[in-house]
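First the structure, in the form of C-alpha cells, and then the observations on it.
Chains as they are written, first to last, in this note's numbering: chain E, 4 to 114; chain R, 5 to 119.
In C-alpha cells:
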C-alpha cells in the first residue's frame with residue numbers, strides 16, 4: 004500500500020533558527036499537501052503542491068514537490084514560538100482517491 | 005466562520021453505547037471525508053462522499069461504523085456498540101471539485117473516549 008516516511012520524527016530548536024523536514028515514498032505521488040496540527044485541533048492546510056518541481060511559499064514557509072515525484076520538503080525560516088506543533092505531509096498517489104498521511108514531525112521551539 | 009465544523013468536539017461514552025458525530029463541510033465543497041486519528045499517528049482514511057454518494061470505504065470501517073450524507077450537505081458518522089479501541093479523534097474534511105479537488109480542509113475533530 005501507500006506509505007509516506009516523514010522525518011525527522013521530532014525537532015527541538017531555538018527561536019530564529021530555520022527548520023527543514025521531508026517526506027519520502029517508494030511510490031509516485033501526484034499531489035503533496037503539508038498540514039500543521041495543534042493539540043486537540045484538526046490539521047490546518049499550509050501548502051498544496053500539484054506539479055513536480057513546484058516550489059511554493061506561504062509566508063515563512065516554503066515547500067517543494069520533488070522532481071522524482073516521490074518526495075517533498077517543507078522549510079520554515081526564522082522560527083517563532085507559535086510554530087510549535089506537529090507537521091504532517093500528505094499525498095495522493097496516482098490512481099488512488101484517498102489521501103495518505105505521514106506520521107508527522109513534532110516541532111518544539113525554545114524562546 | 006466558513007470552515008468545516010464538527011459536533012460535538014468531545015464525547016465520552018461507555019463501552020457498548022452508540023454514538024453519532026456530525027460534520028458540516030465548507031458550503032461549496034461537494035466532497036466530504038472522514039478520518040480517524042490516534043495518538044502519535046497521522047489521520048487514517050475511513051470513507052468519503054461525493055455529494056450524497058458514498059464512493060469509498062476503508063477496511064478500517066467495520067460493520068459497526070456507518071456514515072451518511074443524505075442531502076449532499078452535512079454528514080453523520082455513527083459507531084454502534086462502541087469499544088475501547090474506538091477511542092480516537094474523528095476528523096472530517098471537505099474539498100471542492102475541479103483542479104483543487106485534492107486539497108482537503110479539515111474540521112476541528114471530535115475526540116471520542118470510550119470507557
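Ideal Cβ placement from N, Cα and C applies to all residues, glycine included.
Asked: Closer than 9 angstroms at the beta carbon, the chain R residues around residue 104 of chain E; Found: 39, 41, 45, 46, 47, 48 and 49
Asked: Selected residue, minimal CA-CA separation from residue 27 of chain E, among E:7, E:84 and E:38; Found: E:7
Asked: Inter-residue spacing [alpha-carbon to alpha-carbon] between residue 71 of chain R and residue 82 of chain R; Found: 6 angstroms
Asked: Alpha-carbon spacing of residue 86 of chain R relative to residue 108 of chain R, whole angstroms; Found: 28 angstroms
Asked: Three-state class that DSSP yields for residue 89 of chain R in the structure shown; Found: helix
Asked: Nearest-angstrom beta carbon gap, residue 37 of chain E and residue 66 of chain E [assumed within contact, 8 angstroms]; Found: 5 angstroms
Asked: Under the three-state DSSP convention, the category residue 28 of chain E falls into; Found: coil
Asked: Contact with chain E by residue 12 of chain R, beta-carbon distance below 8 angstroms; Found: no
Asked: Of the residues E:52, E:74 and E:16, the one placed nearest residue 105 of chain R, counting alpha carbons only; Found: E:52
Asked: Chain R contact for residue 45 of chain E (CB, 8 angstroms cutoff); Found: yes
Asked: Where residue 33 of chain R falls, given that 16 or more other Cβ within 10 Å makes a residue buried; Found: buried
Asked: CB-CB length for residue 164 of chain E against residue 91 of chain E, believed under 8 angstroms; Found: Summary: the structure shown does not reach residue 164 of chain E, with chain E confined to residues 4 through 114, and so no result is reported for it.
Asked: Contacting positions in the stretch 90-103 of chain R - beta carbon closer than 7 angstroms to chain E; Found: 95
Asked: DSSP state of residue 86 of chain E mapped onto helix, strand, coil; Found: helix
Asked: Contact with chain E by residue 117 of chain R, beta-carbon distance below 8 angstroms; Found: no
Asked: N- and C-terminal bounds of the beta strand (DSSP E) containing residue 113 of chain E; Found: 108-113
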